[in-house]
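**Student:** Below: one structure in structure tokens.
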């Protein structure tokens, strides 16, 4: 009962908004005081190891940086697109540098390659903090679906979990300070959708490089829920209650684990909506995301 009370105390129920996207092709202008750089190489192992960066160009204080991780079932997707840039611009206008990243996909490099790439990005940003005017002590992540899973893995895993990879910048930490997880899988040892019942999810099979029967250890290592402890950084879970691809229990169970561990979190269950980043792009969702990052990535006002 105590655990349920802990969850309900932070439960935010958002009404569905119109998800019509106002993107217009070609709207890639950086806000004043920012530069938009594309296809920055962050690693030596794959052409996929590239990122786009909106970063400050003025001489003010370094900005906290948010890593945007695309979805696509771990086997498809990319860092670009007008919708992604619209979100990047909104975050930059709120006072953040934003790095939208590509990473190795499961058909070419199954687990743990994708999470290794995400960790490499964080180390890369810390190593180049002065060049890009980012605050190495204030790094967050946001992702939806598979990207949400990877954002959660960034938050919950540490050096001892042996998921750093061999991409370089080993003198830098891959730790982040906050994460927003939108419709993200958090437990790969169980079906992601009730439609699957006891069947293996084909996307999880591709990601792990084999069936759950063959990859039990990998499935557990790839599941954020098994890493949660009291030192886990703050996380914000957003999930549509109508999500047919990743069941909302993937977020509520993770929130329960965070509550039990004494870690800080928020959870927003959207009364209506879709699977993916759309629920964080409408006005209310975007405002909730920015408010969360403001609380945990910006220094308190004096």
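Residue numbers (my numbering): 128 to 429. Just so you know, even glycine gets a beta-carbon here, dropped at the ideal spot from N, CA and C.
In or out: residue 356 buried (at least 16 other Cβ within 10 Å) or exposed?
**Tutor:** Classification for residue 356: exposed.
**Student:** Report the partner residues of residue 381 according to the DSSP bridge assignment.
**Tutor:** Residue 381 pairs with nothing; no bridge assigned.
**Student:** So the candidates are 236, 232, 234 and 215; which of them puts its Cα closest to the Cα of residue 226?
**Tutor:** With distances taken between Cα atoms, residue 226 lies closest to 215.
**Student:** Would you kindly report the start and end of the unbroken alpha helix (DSSP H) that includes residue 242?
**Tutor:** Taken as a continuous stretch (DSSP letters only), the alpha helix (DSSP H) holding residue 242 covers 240-254.
**Student:** Below 6 Å CB to CB, which residues in the same chain sit around residue 404 once its five sequence neighbours on both sides are set aside?
**Tutor:** 271 and 309.
**Student:** Exposed or buried, residue 168, counting other C-beta atoms within 10 Å across all chains shown (16 or more means buried)?
**Tutor:** Its Cβ having fewer than 16 others within 10 Å, residue 168 is exposed.
**Student:** Enumerate, from N- to C-terminal direction, the unbroken alpha helix (DSSP H) stretches of 4 or more residues contained entirely within the stretch 356-416.
**Tutor:** The qualifying runs are 376-388 and 405-408.
**Student:** Specify, as a first and last residue, the run of the alpha helix (DSSP H) that residue 329 falls within.
**Tutor:** Element bounds for residue 329: 329-335.
**Student:** Quick check: the stretch 360-370 against the stretch 334-345, are at least 3 beta-carbon pairs closer than 8 Å?
**Tutor:** Contact between the stretch 334-345 and the stretch 360-370 is absent, because fewer than three Cβ pairs lie under 8 Å.
**Student:** Taking the C-alpha atoms as reference points, what is the distance between residue 347 and residue 184?
**Tutor:** Roughly 42 Å separates the two Cα atoms.
**Student:** Between residue 274 and residue 258, what straight-line distance do the alpha-carbon atoms span, to the nearest angstrom?
**Tutor:** Each residue's alpha carbon lies about 26 Å from the other.
**Student:** Any idea which residues DSSP pairs residue 261 with across the strands?
**Tutor:** Paired residues: 190.
**Student:** In terms of DSSP beta bridges, what is residue 307 paired with?
**Tutor:** Its beta-bridge partners are 269 and 363.
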